[in-house]
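K.L.:
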Amino acid sequence: MRDLHESYIASANTEVDPLILIALYVLDFLCIHPFSDGNGRMVRLLSVLLLYREDYNVVRYISLERLIEQTKDSYYDTLYRSSQGWHANGHDPMPWVSYFLGIVSAAYAEFERDIGDLRDGRGMKTRMVRQAIDGMIGDFSISELHQRCPSVGWDMVRYVLRNEREAGRLQPIGRGRGARWRRIENTAENGSTA
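Residue numbering for the sequence shown follows UniProt numbering, beginning at 1 and increasing consecutively.
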């Protein structure tokens, strides 16, 4: 482990991109497997620390742990492929490096999308209303929707409903106080051909 840390520190002063160095450090750490339990959690914490130290501040806002969990099959597959032959110095780190860079890239994409939502006025409250809509079973009223997100004002709930209707994701059923709303299933997403 000492050799790994000293090698990383020495390499930090070279022309090698810090993201590549971090990915290689993480791979080596996982291959060394210094603890009987918790190596994955430890390496995810180290990844965040090293990325943060190299000014990849996205890790302050987007959870790498969650992104890795969402792609855990790829995580284990690329780790397996890149660790084959590691002890004999005959391994191919590229599958792992590509995966790691993809995770960092996905974190930045998510961050940019979230910032874009805030700039476009689709911030946290809009997201709350949309999530409440997604959680509704069957048709629902505006009152039922508002009960699911009481910290959001009525005007914002109406605004989101209007935008969702205009985007073709919701359909009003009736008008006035007795109106109900229905989600419109996207046939392209669920494989139907209507």
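A virtual CB, placed ideally from N, CA and C, is assigned to each residue, including glycine. Small disclaimer: the values here were computed from a predicted structure and weren't measured.
Looking at the secondary structure, which residues open and close the alpha helix (DSSP H) in which residue 70 lies?
P.N.:
Stepping through the sequence shown from its first residue, residue 70 is reached at position 70. 64-70 is the extent of the alpha helix (DSSP H) around residue 70.
K.L.:
Note down, in chain order, each residue of its chain lying with its Cβ closer than 6 Å to the Cβ of residue 110, except the 5 sequence neighbours on either side.
P.N.:
Residue 110 sits at position 110 when you count from the first residue of the sequence shown. Within the same chain, residue 110 has close Cβ partners 62.
K.L.:
Starting from residue 173 and walking both ways along the beta strand (DSSP E), at which residues does that stretch end?
P.N.:
For the purposes of this step, residue 173 is taken as residue 173 along the sequence shown, with counting starting at 1. From DSSP, the beta strand (DSSP E) with residue 173 extends over 170-173.
K.L.:
Do residue 179 and residue 100 come within 9 Å of each other at the CB atom, strictly closer than that value?
P.N.:
Indexing the sequence shown from 1 puts residue 100 at position 100. Indexing the sequence shown from 1 puts residue 179 at position 179. It is not a contact, given that the beta carbons lie outside the stated cut-off.
K.L.:
Going along the chain, which residues of its own chain have a beta-carbon closer than 7 Å to the beta-carbon of residue 168, five neighbours each way excluded?
P.N.:
Here residue 168 refers to the residue found at position 168 when the sequence shown is read from its first residue. Within the same chain, residue 168 has close Cβ partners 184.
K.L.:
Could you spell out the range, first to last residue, of the beta strand (DSSP E) harbouring residue 183?
P.N.:
Position 183 of the sequence shown, counted from the first residue, corresponds to residue 183. Start and end: 180-183.
K.L.:
Whose C-beta lies closer than 8 Å to the C-beta of residue 35 among residues of the same chain, with five residues either side of it excluded?
P.N.:
Counted from its first residue, the sequence shown places residue 35 at position 35. The answer, listed in chain order, is 42.
K.L.:
Below 8 Å, is the gap between the Cβ of residue 136 and the nearest heavy atom of the ligand COA?
P.N.:
The model depicted lacks the ligand COA and carries no ligand whatsoever.
K.L.:
Run the CB neighbour count on residue 55, radius 10 Å, all protein chains shown included, and call it buried at 16 or more, exposed below.
P.N.:
Here residue 55 refers to the residue found at position 55 of the sequence shown. That one is exposed.
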